[in-house]
Amino acid sequence: MCTLGSRIHSLSNELRPCDFVNLKNNLRSALQQSRLIHRSCRAVAGSERTERSKSQLRRKLRGGKQSLFGNAPNTSAPYSPPAAGESYRLFNVKVPFSEDSGKDSYLIHQKLVEIVSKKLSLKNGSLLPVKAVTLVRKSFDARKINQKAWVYVVDVDGAAVKAAGGRCPLEQLGQMEIINNKASDTTAAPPPLGTPPPNTEDKNLNRKDPVVVVGSGPAGLFAALAIAEAGLPVIMLERGQPVDVRGRDIGALMVRRLLNPESNLCYGEGGAGTWSDGKLTTRIGRNEDPVRYVLQVLYELGAPESVLVAGKPHLGTDRLVRILRAFRERLLSLNAEIRFGTRMAELLVENNTVKGVKLADGSEIKASKVVLAVGHSARDIYQHLYNIDVAMTPKPFSMGFRIEHPQALIDSLQYGQAHAEELVRRGKGPIPVAEYRLAANFQNNMDDENTDNINRGIYSFCMCPGGQIVPTNTDPDLLCINGMSFSRRDSKWANSALVSTVAENDWSHLISEHKELAGMALQREIELEAAKRGGGQFVAPVQRVVDFLDNKISMTDSLPSSSYRLGIKSSALHELYSESMTEAIRKALIRFEKQMPGFASSPLALLHAAETRTSAPVRIDRGADTQSLTLKGLHPSGEGAGYAGGIVSSAVDGLHVGRQIVAELTGHGGDVIEAYSAVKGGY
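See below:
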């Protein structure tokens with residue numbers, strides 16, 4: 123094993139003069155870089171690096187600022203050009219917003235090439251050819267009002283850099299990394315529509331016993347896709363209606379106040395995310411293979427190409443409806459069976475093993491594998507699972523309000539008045555409609571009877587610029603709300619959830635009766651109270667933020683306009699939640715006002731109640747094989763099962779569950795990707 127001394131000695135013999143400058147400034151960073159130049163120590167560096175946490179590695183590399191490239195003349199060993207197929211991924215390439223083609227263009231333009239070429243220190247001001255630069259990501263940075271810029275991540279062909287006389291780049295976290303362009307590094311496009319399932323003699327692929335997928339949200343759709351693409355029989359059950367019929371049912375709710383309990387903004391093809399903002403952001407990591415595959419599938423089914431490269435991609439309800447129709451056609455082309463208007467009433471169980479499902483009409487489907495991807499609003503399913511002793515664990519979730527402002531106000535706060543009016547133009551300008559993301563944490567003391575401290579996180583969630591607030595309850599006696607927007611984001615309002623984490627103390631009065639489902643009971647309790655405060659008929663109780671801060675009811679004639687189409691009514695929302703939660707939200711609003719002056723002090727800022735379903739209140743416990751810990755053959759998946767939060771992460775989890783089932787049923791071993799590839803013909 124190489125010692126630190128031997129590694130330094132090796133470096134002293136092999137590094138170039140330009141690297142000694144960086145070595146002197148930051149020895150640790152130079153040691154990290156040395157593994158790229160002196161590959162003989164790569165295994166040792168890798169083994170030692172595994173002993174450190176990821177956060178420690180990040181702190182190590184942040185030790186000092188340094189150039190990406192050596193500045194000293196290259197008088198030592200000649201530069202070794204990148205291997206064939208090698209390229210450089212450059213991060214944080216900034217183009218002033220006034221010199222960029224704007225939010226609707228994802229082409230490589232001349233100014234971007236000039237900045238990339240300068241960053242690579244090409245000789246004599248040489249420029250790279252446009253075709254040598256590939257767009258990976260484009261996002262807008264407006265954190266500094268006077269320095270707004272488009273920020274790019276690009277891949278640059280290594281051979282083109284060498285041909286233009288560029289210097290040797292040094293890999294640095296968050297700035298540059300070397301990419302080996304192998305086939306495995308590129309997401310394979312999904313098969314075109316109508317591609318037949320694989321032709322294989324695997325007896326499991328001819329089984330009569332179907333895999334039943336319950337729910338057609340992102341998790342259910344991608345689980346069904348993975349299973350159907352492997353040639354296995356799959357039946358998807360959806361209690362709601364296909365998007366066309368569902369759209370009419372939602373129209374009846376919004377115009378005539380007629381709620382269909384089985385077809386609404388929560389239930390139906392595509393799940394709750396269909397009538398939302400259609401955000402495709404995720405914290406999983408945009409470069410992870412499953413994430414890239416999900417985005418590629420959506421692109422193949424009609425999403426704009428921007429979803430593959432935009433920093434904050436979103437689809438909007440109008441695009442999602444078209445994509446879901448295409449998704450349905452793909453599944454049908456793979457011989458999947460889809461049953462809309464079909465509600466699973468209960469699981470058929472024998473000896474702690476799934477034997478199938480019983481439907482609401484009394485009929486049964488025999489199946490040894492059931493994917494449960496029902497979403498976080500299927501409370502009847504949670505209750506059924508509790509009744510048959512399926513292991514579930516209460517999990518953290520959040521509740522609060524929807525806060526709404528005029529979009530023009532948010533644009534001004536984020537971009538400055540002049541640019542907001544000139545460059546946004548209600549979604550038609552060159553810069554995007556402004557968004558925000560706010561968060562704060564507070565430690566609140568409880569009353570004398572309970573001295574425990576509660577640490578509450580208060581944050582904005584699912585921000586919908588240019589959007590509207592909509593009712594998402596599935597019971598006419600309750601009221602909960604959410605935000606949505608169309609692809610243009612061109613309404614005159616901006617709304618976001620403003621929520622607080624919920625502590626066990628908040629539902630302690632419900633534990634004795636509801637046990638693991640106490641959090642769900644708390645959600646229902648708040649939704650019932652919100653409906654009463656609104657006066658029924660889905661009218662939303664509201665309060666101006668300035669009045670919420672002062673603990674007083676807003677005068678009706680002082681209420682600003684609202685995007686909520688079913689009507690609003692003034693109410694004392696400062697009394698809706700516990701004193702502890704309310705105080706935390708109040709403190710957060712004061713802090714957010716300091717960050718965005720006008721956010722809380724504007725008389726046009728309006729709170730709507732109640733935002734209760736940010737995530738599932740329980741997690742359906744499962745093992746590494748994605749099966750329930752207590753019920754063999756049941757595979758919980760997605761947001762409703764407690765394993766995702768949002769469209770992309772739900773889709774990825776559904777994909778993972780589907781591939782796990784393929785691996786198990788085809789007997790190709792424990793490697794899920796390998797098993798999936800074996801029956802699909804490559805991933």
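Numbering (my numbering), first residue to last: 123 to 805.
Glycine is no exception: its CB is placed at the ideal position from the N, C-alpha and C atoms.
Given the structure is predicted, the values throughout are model-derived calculations rather than measurements.
**Asked** Are there three or more Cβ pairs, one per stretch, closer than 8 Å when the stretch 271-291 is compared with the stretch 235-242?
**Response** yes
**Asked** If you run the structure through DSSP and keep just helix, strand and coil, what is A561?
**Response** strand
**Asked** Over what stretch of residues does the alpha helix (DSSP H) that includes I503 continue unbroken?
**Response** 501-509
**Asked** What is the C-beta distance between C388 and T596, in whole angstroms, given that I count them as a contact (C-beta under 8 Å)?
**Response** 5 Å
**Asked** Whose C-alpha, out of G745, A394, V476, is nearest the C-alpha of G767?
**Response** A394
**Prompt:** Just to confirm, are V496 and G337 a CB contact at a threshold of 8 Å?
**Reply:** yes
**Asked** What do you get for M298, buried or exposed, if any count of 16 or more other CB atoms within 10 angstroms of its CB means buried?
**Response** buried
**Message:** Measuring straight from C-alpha to C-alpha, what distance separates S520 and A271?
**Reply:** 34 Å
**Prompt:** Are the beta-carbon atoms belonging to V546 and Y558 less than 8 Å from one another?
**Reply:** no
**Request:** Just grab the DSSP bridge partners of P758 for me.
**Result:** L494
**Selection from L442, V377, P598 that minimises the alpha carbon distance to Y686** = V377
**Asked** Roughly how many angstroms lie between the CA atoms of E635 and I510, to the nearest whole one?
**Response** 17 Å
**Asked** Exposed or buried, which one is V252 when buried takes at least 16 other CB atoms within 10 Å?
**Response** exposed
**Prompt:** Is L695 closer than 8 Å to F523 when the C-beta atoms are compared?
**Reply:** yes
**Message:** Three or more C-beta pairs under 8 Å: does that hold for the stretch 456-468 against the stretch 745-753?
**Reply:** no
**Asked** Just curious, the beta strand (DSSP E) that N457 is in, first and last residue?
**Response** Neither: N457 is in no beta strand (DSSP E) and is coded neither H nor E.
**Item:** Distance CB(P758)-CB(K517) smaller than 8 Å
**Value:** no
**Request:** Assess, as a yes-or-no matter, whether the stretch 778-788 is touched by the stretch 415-425 under the definition of 3 or more beta carbon pairs within less than 8 Å.
**Result:** no
**Message:** According to DSSP, simplified to helix, strand and coil, what is H636?
**Reply:** helix
**Prompt:** Which value, in whole angstroms, describes the spacing of the CA atoms of G400 and L442?
**Reply:** 7 Å
**Message:** Taking only three categories from DSSP, how would you classify G789?
**Reply:** coil
**Message:** Going residue by residue through the stretch 235-269, where are the continuous beta strand (DSSP E) segments of at least 3 residues, counting only ones entirely within it?
**Reply:** 255-263
**Prompt:** DSSP puts C586 in a beta bridge; with which residues?
**Reply:** N617
**Message:** Less than 8 Å between the beta carbons of G390 and R405, yes or no?
**Reply:** no
**Request:** Helix, strand or coil for K654, going by three-state DSSP, please let me know.
**Result:** helix
**Request:** Could you have a look at Q659 and say whether DSSP puts it in helix, strand or coil?
**Result:** coil
**Request:** Give the DSSP-derived three-state secondary structure of Y415 in the structure shown.
**Result:** helix
**Prompt:** Based on Cα-Cα distance, which residue from G224, G339, K216 lies nearest to G760?
**Reply:** G339
**Request:** Alpha carbon to alpha carbon, how far is P554 from K225? Give it in angstroms, no decimals.
**Result:** 6 Å
**Asked** Starting from N627 and walking both ways along the beta strand (DSSP E), at which residues does that stretch end?
**Response** Per DSSP, N627 belongs to no beta strand (DSSP E); it is in the alpha helix (DSSP H), 626-629.
**Request:** For my contact list, L535 and A732 are in at a C-beta cut-off of 8 Å; report their separation, rounded to the angstrom.
**Result:** The pair is not a contact, with the Cβ atoms about 26 Å apart (cut-off 8 Å).
**Where T439 falls, given that 16 or more other Cβ within 10 Å makes a residue buried** = buried
**Prompt:** In whole angstroms, what is the alpha-carbon distance linking K266 and S613?
**Reply:** 25 Å
**Message:** Out of S385, P426, D669, F462, which one is the CA nearest neighbour of L402?
**Reply:** P426
**Prompt:** Leaving out the 5 sequence neighbours to the left and right, which residues in its chain are closer than 6 Å to P383 when beta-carbon positions are compared?
**Reply:** T596
**Item:** For G803, the three-state DSSP class (helix, strand or coil)
**Value:** Per-residue confidence for G803 stands at a pLDDT of 43, beneath the threshold of 50, marking its modelled position as unreliable; no derived number is given.
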